[in-house]
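Participant:
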Amino acid sequence: MSAAHAFLQRLGERADDEPTWVAARRQAGAARFEALGFPTKRDEAWKYTDVRRIAEGEFTLADDAELDEARFAALGMPLDAHRLVFVDGVFSADLSDLTDLPDGVSVEPLTTAMRTNHEAIGGAIGRLAGVDFSPFTALNVALSEEGAVVRIGQGVVVEKPIYVVFASRANESARMSHPRVLVMAGARSQSTVIEHYAGEAGAANFTNVVSEVMLERGAIVDHYKLQEASSEDLHVASIHVEQGRDSRFTSFNLNLGGALVRTDLVTDLNAQGAETNYNGLFFVQGRQHVDNHTLVNHNAPNTFSNENYKGILNDRARGVFNGKVIVKRDSQQIEAYQNNANLLLSDRAEIDTKPELEIYADDVKCSHGATTGQLDEEAVFALRTRGIDEQMARGLLTLAFAGEVMDQVRLPVITERVERAVAGKLPERFNLADLVEVSDALEEA
Numbered sequence: 001m002s003a004a005h006a007f008l009q010r011l012g013e014r015a016d017d018e019p020t021w022v023a024a025r026r027q028a029g030a031a032r033f034e035a036l037g038f039p040t041k042r043d044e045a046w047k048y049t050d051v052r053r054i055a056e057g058e059f060t061l062a063d064d065a066e067l068d069e070a071r072f073a074a075l076g077m078p079l080d081a082h083r084l085v086f087v088d089g090v091f092s093a094d095l096s097d098l099t100d101l102p103d104g105v106s107v108e109p110l111t112t113a114m115r116t117n118h119e120a121i122g123g124a125i126g127r128l129a130g131v132d133f134s135p136f137t138a139l140n141v142a143l144s145e146e147g148a149v150v151r152i153g154q155g156v157v158v159e160k161p162i163y164v165v166f167a168s169r170a171n172e173s174a175r176m177s178h179p180r181v182l183v184m185a186g187a188r189s190q191s192t193v194i195e196h197y198a199g200e201a202g203a204a205n206f207t208n209v210v211s212e213v214m215l216e217r218g219a220i221v222d223h224y225k226l227q228e229a230s231s232e233d234l235h236v237a238s239i240h241v242e243q244g245r246d247s248r249f250t251s252f253n254l255n256l257g258g259a260l261v262r263t264d265l266v267t268d269l270n271a272q273g274a275e276t277n278y279n280g281l282f283f284v285q286g287r288q289h290v291d292n293h294t295l296v297n298h299n300a301p302n303t304f305s306n307e308n309y310k311g312i313l314n315d316r317a318r319g320v321f322n323g324k325v326i327v328k329r330d331s332q333q334i335e336a337y338q339n340n341a342n343l344l345l346s347d348r349a350e351i352d353t354k355p356e357l358e359i360y361a362d363d364v365k366c367s368h369g370a371t372t373g374q375l376d377e378e379a380v381f382a383l384r385t386r387g388i389d390e391q392m393a394r395g396l397l398t399l400a401f402a403g404e405v406m407d408q409v410r411l412p413v414i415t416e417r418v419e420r421a422v423a424g425k426l427p428e429r430f431n432l433a434d435l436v437e438v439s440d441a442l443e444e445a
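Residue 445, in the UniProt record's numbering, is where the sequence shown stops; the numbers in between run on with no holes.
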């Protein structure tokens, strides 16, 4: 018996009251997952990431969303937002707040959307991320039961962020969830969507999420993925984006938690004027492992992409970055820029980085690069000559390294959240307020 088959068998039978087409889709996902099996380090795309902790894990699907407001408040962010909350993959109506949605905007759980508008939703789900992308997307198709569906009408500007929270509880036994997120942005609409994955201390669950974002002509979407799982949680995510003419998609992929984390981010620029911006930051310590794979397909001329990923690694943590840009034939006059920079705070930390360009057109502007190093000792010395002790100097320089990405973040609550997390993981548990005060004083000087 294969590991993939055994994994599915442990979960038991699925509900038999589903529509025929849903059951057929599940069967297709299960069959593809069994055929592919769990990826191994012999697979090029997974050569640096070992998923045996997932394959050999004993997980069950949650059947309740019990989480009191105090516990949720410790995980969530104080945002004035349209909020949809899931606890171990199960929708929580009590913790969600969808009042005052503007006209032309729909935010609802997947189960509700499938029941009320299954023709439109059913056709969209899986169109960008189907069973063939990876074993984990196939597994998601086989087991997904819930998720978030966001639909934004033509010309609608959504002032408040749409905040989707996936909370992971510290359970007696490990849970697993396979949520689906679908965002459909109508022509000339504007919106901000946040996916927040937060885990209680001691949580040791497995989340396998697939997100699909579709932008029609002129749509603007700012997409945040803030991952703050517990140090024992396992997290796999696939984000797939399709862009129409003159649309703009901006991604903020911020990874702070998790024992094993893998994120695939794929964008198809399908029409002239489409623009995508990737901003990524991960800060890991202990034995954490974070793997980011990105892909931008320039499928049309006069398209633009810009990517800036930064990693900060301490202790024996390991990071992986593989970024690829493909410029298709006849996709002339495109611009594509890609950069990955990594800061190692420990001699035992490790990063594997591989930026790639595949260009099949001749009238293009493309560049890529990757750097890995430690803190500049001359910069540390320069700060110390201004009366700053060594640990504080190293903390300031580390936050400054992250600042190039965080300066692009448009939501102060997220900026402060990430900066506090970074400061808290530095040696001596720096006080963020002290660091900011010293930084401001240096700028004024």
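Ideal placement from N, C-alpha and C gives every residue a C-beta, glycine not left out.
Distance, Cα to Cα, F136 vs N339?
Facilitator: To locate residue 136, count along the sequence shown from 1; it is residue 136. To locate residue 339, count along the sequence shown from 1; it is residue 339. Approximately 27 Å between the Cα atoms of the pair.
Participant: What did DSSP end up calling A341 once you bin it into helix, strand or coil?
Facilitator: Here the question's residue 341 lines up with position 341 in the sequence shown. Reduced to three states, the DSSP call for A341 is strand.
Participant: Given this structure, state the Cα-to-Cα distance separating T353 from S367, to the nearest angstrom.
Facilitator: As a first step, residue 353 is located in the sequence shown; it is residue number 353 there, counting from the start. As a first step, residue 367 is located in the sequence shown; it is residue number 367 there, counting from the start. For T353 and S367, the distance between alpha carbons rounds to 16 Å.
Participant: Could you spell out the range, first to last residue, of the beta strand (DSSP E) harbouring M184?
Facilitator: For the purposes of this step, residue 184 is taken as the residue at position 184 of the sequence shown. From DSSP, the beta strand (DSSP E) with M184 extends over R180 to A185.
Participant: Return the CA-CA distance between L383 and I312, expressed in angstroms with no decimal places.
Facilitator: If you number the sequence shown from 1, residue 383 lands on position 383. If you number the sequence shown from 1, residue 312 lands on position 312. Cα-Cα distance, rounded: 20 Å.
Participant: Use the C-beta contact count for G155: other C-beta atoms within 10 angstroms, 16 or more gives buried, fewer gives exposed.
Facilitator: Counting from 1 along the sequence shown, the entry for residue 155 is found at position 155. Exposed is the call here.
Participant: Among R329, P78 and I388, whose alpha-carbon lies nearest the alpha-carbon of Y163?
Facilitator: Taking the first residue of the sequence shown as position 1, residue 163 is located at position 163. Comparing Cα-Cα distances from Y163 to each of R329, P78 and I388, the minimum goes to P78.
Participant: Would R262 pass as a contact of D291 if the rule is Cβ separation under 7 Å?
Facilitator: For this step, residue 262 is matched to residue 262 along the sequence shown. For this step, residue 291 is matched to residue 291 along the sequence shown. Going by C-beta atoms, R262 is nearer than 7 Å to D291.
Participant: Within the continuous alpha helix (DSSP H) that includes Q27, where are the two ends?
Facilitator: In the sequence shown, counting from the first residue as 1, residue 27 sits at position 27. From DSSP, the alpha helix (DSSP H) with Q27 extends over T20 to L36.
Participant: Based on the DSSP secondary-structure assignment, which residues constitute the bridge partners of Y163?
Facilitator: The sequence position of residue 163 within the sequence shown is 163, counting from 1. R83 and I194, per the DSSP bridge assignment.
Participant: So, for R217: in the same chain, excluding its five sequence neighbours on each side, which residues have a beta-carbon less than 8 Å away from its beta-carbon?
Facilitator: In the sequence shown, counting from the first residue as 1, residue 217 sits at position 217. So the list reads A187, R188, G244, R245, D246, S247 and A271, once near-sequence residues are dropped.
Participant: Please identify the residue among I351, H82, F381 and N299 whose C-alpha is closest to the C-alpha of Y309.
Facilitator: Your numbering for residue 309 matches position 309 in the sequence shown. When only C-alpha atoms are compared, the closest one is I351.
Participant: Within 10 angstroms of the Cβ of A204, are there 16 or more other Cβ atoms? Answer buried if so, exposed if not.
Facilitator: Against the sequence shown, residue 204 aligns to sequence position 204. Answer is buried; the Cβ neighbour count reaches 16.
Participant: May I have the straight-line CA-CA distance separating R348 from G319, to the nearest angstrom?
Facilitator: What you label residue 348 is simply residue 348 of the sequence shown in a count that begins at 1. What you label residue 319 is simply residue 319 of the sequence shown in a count that begins at 1. One C-alpha to the other measures close to 12 Å.
Participant: Is it a yes or a no for the region 276 to 283 touching the region 404 to 416, going by three-plus beta-carbon pairs under 8 Å?
Facilitator: Yes, since at least three Cβ pairs between the region 276 to 283 and the region 404 to 416 fall closer than 8 Å, the two stretches touch.
Participant: Using CA coordinates, which residue listed in T60, E358 and V413 is at the minimum distance from residue 470?
Facilitator: What the structure shows of the chain is the stretch from 1 to 445, and residue 470 is not part of that stretch, so it cannot be assessed.
Participant: For V284, name the three-state secondary structure that DSSP assigns.
Facilitator: Start at 1 with the first residue of the sequence shown, and residue 284 comes out as number 284. Residue state, collapsed to three classes: strand.
Participant: Could you tell me which residues DSSP puts in a beta bridge with V157?
Facilitator: As a first step, residue 157 must be located in the sequence shown, where it is residue number 157. Per DSSP, Q190.
Participant: Could you give the residue range of the alpha helix (DSSP H) that holds I388?
Facilitator: Taking the first residue of the sequence shown as position 1, residue 388 is located at position 388. No alpha helix (DSSP H) holds I388; DSSP gives it neither H nor E.
Participant: What are the start and end residues of the alpha helix (DSSP H) that includes A70?
Facilitator: Stepping through the sequence shown from its first residue, residue 70 is reached at position 70. It spans E69 to L75 - the alpha helix (DSSP H) in which A70 sits, taken as one unbroken run.
Participant: Taking Cβ positions, are L298 and L269 nearer each other than 7 Å?
Facilitator: The residue labelled residue 298 in the question sits at position 298 within the sequence shown. The residue labelled residue 269 in the question sits at position 269 within the sequence shown. The amino acid occupying residue 298 in the given sequence is His; Leu does not appear at that position. Yes, the pair counts as a contact, with Cβ atoms nearer than the cut-off.
Participant: With a threshold of 16 other CB atoms inside 10 Å of the CB of R386, please say whether the residue is buried or exposed.
Facilitator: Residue 386 sits at position 386 when you count from the first residue of the sequence shown. The residue in question, R386, is exposed, as its Cβ has fewer than 16 Cβ neighbours within 10 Å.
Participant: Can you give me the start and stop residues for the beta strand (DSSP E) that I54 sits inside?
Facilitator: As a first step, residue 54 must be located in the sequence shown, where it is residue number 54. Run containing I54: none in the beta strand (DSSP E); it sits in the alpha helix (DSSP H), R52 to A55.
Participant: With DSSP as the reference, identify every bridge partner of M114, one or two as the case may be.
Facilitator: To locate residue 114, count along the sequence shown from 1; it is residue 114. According to DSSP, M114 bridges with nothing at all.
Participant: Expressed to the nearest angstrom, what Euclidean distance is found between the alpha-carbon atoms of E147 and A30?
Facilitator: Along the sequence shown, read from residue 1 onward, the residue named residue 147 stands at position 147. Along the sequence shown, read from residue 1 onward, the residue named residue 30 stands at position 30. First, the amino acid is wrong: residue 147 is Gly here, not Glu. Roughly 19 Å separates the two Cα atoms.
Participant: Ignore the nearest five residues each way along the sequence and tell me which others in K41's own chain have a CB closer than 8 Å to its CB.
Facilitator: Taking the sequence shown and counting its residues from 1, the one referred to as residue 41 is at position 41. Excluding sequence neighbours, K41 sits near K47, Y48, T49 and D50.
Participant: Starting from the Cα of N208, find the closest Cα among A3, M176, S230 and F7 and give me that residue.
Facilitator: Within the sequence shown, numbered from 1, the residue matching residue 208 stands at position 208. Cα-wise, what sits closest to N208 is M176.
Participant: Does the Cβ of Y197 have 16 or more other Cβ atoms within 10 Å, making it buried, or fewer, making it exposed?
Facilitator: Here the question's residue 197 lines up with position 197 in the sequence shown. Classification for Y197: buried.
Participant: Starting from E242, follow its DSSP beta bridges and name the residues at the other end.
Facilitator: For the purposes of this step, residue 242 is taken as residue 242 along the sequence shown, with counting starting at 1. Beta-bridge pairing links E242 to M214 and D268.
Participant: To the nearest angstrom, how far is it from the Cα of D315 to the Cα of L344?
Facilitator: The residue you call residue 315 lines up with position 315 of the sequence shown. The residue you call residue 344 lines up with position 344 of the sequence shown. Taking the straight line from one Cα to the other gives about 9 Å.
Participant: Do G257 and A229 have their C-beta atoms closer together than 7 Å?
Facilitator: Stepping through the sequence shown from its first residue, residue 257 is reached at position 257. Stepping through the sequence shown from its first residue, residue 229 is reached at position 229. Against a cut-off of 7 Å, the Cβ pair of A229 and G257 comes out as a contact.
Participant: Tell me, which residues are paired with I312 by DSSP?
Facilitator: Translated into the one-based positions of the sequence shown, residue 312 becomes position 312. Paired residue(s): F283 and L343.
Participant: Cα separation between I125 and L139?
Facilitator: Your numbering for residue 125 matches position 125 in the sequence shown. Your numbering for residue 139 matches position 139 in the sequence shown. I125 and L139: Cα-Cα distance of roughly 14 Å.
Participant: Grab the span of the alpha helix (DSSP H) containing L139 for me, first residue to last.
Facilitator: As a working note, residue 139 is residue 139 in the sequence shown. Unbroken alpha helix (DSSP H) run through L139: P135 to L143.
Participant: Got a sec? Which residues, its chain only, sit under 6 Å from V181 by beta carbon, not counting five neighbours each side?
Facilitator: Walking along the sequence shown from the start, residue 181 turns up at place 181. So the qualifying residues of the chain are G147, A148 and S211.
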